[in-house]
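Written below as structure tokens is the structure these notes are about.
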Amino acid sequence: MEDIAGKRYAKGKPNLRRFHEAKWDEPIIFELSKEGERGILVPEVEDEIKNEVGDVVSTLPEKMRRKHLPELPEISQPRVLRHYLRLSQETLGTDLNVDVGQGTCTMKYSPKINEQLARLPQMAEIHPLQDEDTVQGILEVMYKFEQILKEISGMDQFSLQPGGGSQAIYANASIIRAYHASRGESAQRNEIVTTIFSHPSNAACAKTAGFKVITLYPDEDGYPDLEALKAATSKRTAGLMITNPEDTGIFNPKIEEFVKVIHEAGGLCAHDQANANGILGITRARETGFDLCHFNLHKTFSSPHGCGGPAVGAIGAIKELARFLPVPVIEFDGKKYHLNYDKPESIGRVRSFCGVAPVVLKAYAWVMSLGAEGLKEVSNIAVLNNNYLLKKILQVRGAGAPFAKGKRRIEQVRYSWEKLTRDTGVHSEEIGLRAADFGVHYWTSHHPWIVPEPCTLEPTESYSKADLDEYVEIIRHVAREAYVNPEVVKTAPHNSTVHKIDHTPLDDPSRWAMTWRAYRKKVNKEQNRKKLQFNIY
Amino acid sequence: MVTKVEREKLGLIVNPIAGIGGRVGLKGSDGTRIQQRAFELGAAPQSLNRAVRGIERIKPSKGTLEIVTYPAEMGEDAARKCGFEPTVIGSIKEGQTTAEDTKRAAREMLSLKVSLLLFSGGDGTARDVYDAVGQEMTVLGLPAGVKIYSAVFATNPETAGDLAVLYLQGKCGIQEVEVIDIDEDALRHGVVSSRLYGYLKVPFERRLIQRSKVPSLSGDAEAMDAIAYEVTDRMEEDYFYIIGPGTTTRAITSKLGLNKTLIGVDVVSKGKLVGVDVNEAQLLKLLRRHKAKIIVTPIGGQGFLFGRGNQQISPEVIKKVGRQNIVVVSTPEKINSLRGRPLLVDTGDRAVDRMLSGYISVITGCKEEIIYRISY
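Chains as they are written, first to last, in the working numbering: chain X, 5 to 541; chain W, 212 to 587.
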């Protein structure tokens, strides 16, 4: 094992870091605003031009003109720089920590060269409304990447138009709806079946698309129950929208039977493969009998999306459903690449424009650098890492992994600290806050918490044994503290920036606020102004 | 909406003989005869130790709260054992406390406006607290009794302590939950006979449910409202609806603008209340002339669908209505609280229990259902 100055490791085990994060106590940018302060002074328009053009605002219809100036923060350049640099020091981003604690998100290392590629002017300065002839290069990349996804999934055609996982899932639901409508059955087939451990977007998008949602719960082994599926299927069944492996990291061994039951009832099956990190080159949606599937390029395919957007939810369909895919689809006539919008039965676009090209470029570069064998190796290592971590975490006092006892998991595990909580009163969230004191990120899980006191770890292929050992050592230490000195954990964080968040306003309509404007409306405005002035100086 | 309340005073009542019958196999501790028998069989009180386990968890907040309690074994001892200097009120005959002491203590704490009444005991104690204060104050059960069927109890003494602290810090809301009591005499003869006694207001721990999507500090009011919307939307004119007890089913009748009895079985037809707190005979009479559907919700924590608190809907009634006309409703939180255990039926007729078992659709929200197993 690597020994850094004889300090980081002792007796073959990693020592805990003596970590301390920057804590700037920085207000939010709106609170920093000072009336009249400017970052850029835009020069006055010259008289000659002014006289020629006249009052530009008057050309806008009266109704479209805003009554008040936008309440944007007024702040100078150096203060803007300081503000964001300070905030950047208060993060635990994926390039900074052993980021295995954000399960389901597939936080792998994404090579910087691919990032540079996407930032080349040849990529960054093109526009989706440019003539096709001038963007043949990126269209070729997108077309070729579709061929790769077809190979990986077994599907017959892809659309790269959706800008994220949920958009792709929504497209899946819309295609299911369009398919039944084309057969005159849309009124009758109004039910989508999903499972409680499938990504919650499947239930949410199905409902948004107008379906009734029937959710299956797992049996004792953590598998969605086949008998329950049979009870849920009828002439009203429009389709199955399911994640496999589920968020528990358990692969449903009866998945073929699931698909068969739905097909026999006349429904379609959509495989949510947002996170396919454990199955590349190992199993395909096609062989299991699925009609639709999607991949999140920003998860499995190493194209991280900055701050939540934009990404790509690549959606694939079998031949019979290809006509419903979102437009545009990219076609090649042997000479030139085209964006084909002329698909009368298409569900249309699920966002603006034709797909996020730089994200596709990064994914394409990543796949091409690995090759087919490399992709399979990615999954093999991801699964190996996960099962190593599983074994180590289960040795920690108070830890558990409900369902599928003694069996291996795929790419992630939903753990439970139920025993530790019962023994010590320390909750999963608090373990996460304490883990931050040692410089690592930790996440609980999506709601609802079917697994009590959950945490979801996904080590991907990117982390070494030494990295995983360090993470485990931190978790082991925090668990030990929970038993010996729970107050240290309950009052964490002590060395990191993160604060304890009071969740109660989220449940209180009189206090919740999703935006700064809503916050201002709900908090006494005068009082708030005073606070602003106080914060500035 | 969050109600601002004084949260410094914690009322504490320990039922000193709760749980005494359990270890010696007496299935309960109600009544002096049984308590005497338990002592003869060598039972030792468990209540003090369990109360102490819970109060230990409150200790870190010692500086910010005052414990108001009854003398000696009814709370004072437990509080002092954990290092508190409690305010002791009332008087008791040590070693001879009865249900009357519990009721009196609860009433006095209500008049002293304690923020939360933490009581250590079993279903019998919960019933006494309910008799004394009803829904006039927030209470929380620390499980120490033999029978714990009521959802007013935390899952263990430690959780009760944690939950009390969360509530006093204003970090959780309130919900109405069932007070169930089982007839001990019948239980000793191998018959489980229970009734729904009423509803108490207890702190609501949100950790197991969706935080931002069920936006209510008043329990799962929004989830219930969505269920009510779905159910009323599906109601058909030519059916009579036999509606079982519970807050979820009450939300359905509220949606129709009707006033339902909380612990009784009511009948609705064409949007009108046509039967209030009906019994089995009335239901059977109704079924001779009309088609009907039954709307039921499981009891939280236990998962009983039939046979607990709704015996009016007898095996005979269920057979007449038919399985296909049973509408099960539940908030997702209540289903999650079952932790994968099936819904239960114990109608008193094994053939009917068998007929009911298997998978059933449960309405959990607007356009939302789950498929869940019924067992017996």
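Even glycine gets a Cβ: it sits at the ideal position worked out from N, Cα and C. Remember, it's a predicted structure, so these values are computed and weren't measured experimentally.
- Using a C-beta cut-off of 8 angstroms, the region 423–435 of chain X makes no contact with the region 260–280 of chain X, since fewer than three inter-stretch Cβ pairs fall below that distance.
- Using a Cβ distance threshold of 7 angstroms, X/A408 and X/G158 do not count as a contacting pair.
- Taking a cut-off of 8 angstroms for Cβ pairs, the region 302–315 of chain W and the region 375–395 of chain W do not touch, as fewer than three such pairs fall below it.
- Counting along the chain, the unbroken beta strand (DSSP E) around W/G352 starts and ends at 350–354.
- Per DSSP, reduced to three states, the secondary structure at X/H184 is helical.
- In this structure, the beta-carbon distance from X/L296 to X/A274 falls below 7 angstroms.
- Under the three-state reduction of DSSP output, X/F149 falls in the helix class.
- Nearest CB-CB separation between X/K323 and chain W: not below the 7 angstroms threshold.
- Rounded to whole angstroms, the separation of the alpha carbons of X/R90 and X/D29 is 9 angstroms.
- Among the residues facing chain X, W/D564 is not included, as its CB has no counterpart in that chain under 7 angstroms away.
- For the region 51–95 of chain X, the continuous alpha helix (DSSP H) assignments of 4+ residues that do not extend past its boundaries occur at 51–57, 81–92, in sequence order.
- Contact with chain X is absent for W/I359, since none of that chain's Cβ atoms lies less than 7 angstroms from the residue's Cβ.
- With a cutoff of 7 angstroms on beta-carbon distance, W/I303 and W/M285 are scored as near each other.
- The alpha carbon of X/E25 has as its nearest neighbour, out of X/A517, X/H498, X/P513, the alpha carbon of X/H498.
- Spanning the alpha carbons of X/W453 and X/D251 requires a straight line of approximately 12 angstroms.
- Residues of the region 337–363 of chain W that bring their beta carbon within less than 9 angstroms of a beta carbon in chain X are absent altogether.
- The alpha helix (DSSP H) runs of length 4 or more contained entirely in the region 549–585 of chain W are, from start to end of the chain, 561–567.
- The DSSP assignment places complete alpha helix (DSSP H) segments of no fewer than 4 residues inside the region 23–51 of chain X at 33–36, in order along the chain.
- Below the 7 angstroms Cβ cutoff, chain W contributes Y570 as neighbours of X/E231, in chain order.
- Flagged as an interface residue toward chain W: X/G429, by a C-beta distance shorter than 7 angstroms.
- Against chain X, a Cβ distance below 8 angstroms from W/K578 picks out K211, F215, K216, V217.
- With a contact defined as Cβ atoms closer than 8 angstroms, X/Q165 and X/V331 qualify at about 7 angstroms.
- Note on the region 515–547 of chain W: whole alpha helix (DSSP H) runs with a minimum of 4 residues are 526–532, 543–547, in chain order.
- With fewer than 16 other Cβ atoms from the protein chains shown falling within 10 Å of its own Cβ, X/L64 counts as exposed.
- Counting only the Cα atoms, X/D223 lies some 31 angstroms from W/P414.
- Taking 8 angstroms as the upper bound on Cβ-Cβ separation, chain X lies near residues P543, E544, I546, N547, R550, G551 of the region 533–557 of chain W.
- Spanning the alpha carbons of X/H451 and X/P204 requires a straight line of approximately 9 angstroms.
- Put simply, of W/L473, W/Y440, W/I453 the residue whose alpha carbon is nearest the alpha carbon of W/V528 is W/I453.
- Within chain W, the residues placing a beta-carbon under 7 angstroms from that of X/A236 are I582, ordered along the chain.
- The beta carbon of X/I414 does not come within 7 angstroms of any beta carbon belonging to chain W, so the residue lies off that interface.
- For the region 260–271 of chain W, the beta-carbon criterion of a distance under 8 angstroms to any beta-carbon of chain X is satisfied by R268, P271.
- Proximity of the region 79–89 of chain X to the region 45–60 of chain X falls short of the contact definition, fewer than three beta-carbon pairs being nearer than 8 angstroms.
- Taking the CA atoms as reference points, X/T287 sits about 16 angstroms from X/F262.
- When the beta-carbon positions are compared, W/L407 and W/I391 come within less than 7 angstroms of each other.
- Sequence-distant Cβ neighbours of X/L325 in its own chain, meaning closer than 7 angstroms and more than five residues away, are I179, Y183, D295, L296.
- Contact between the region 239–254 of chain X and the region 120–139 of chain X is absent, with fewer than three C-beta pairs closer than 8 angstroms.
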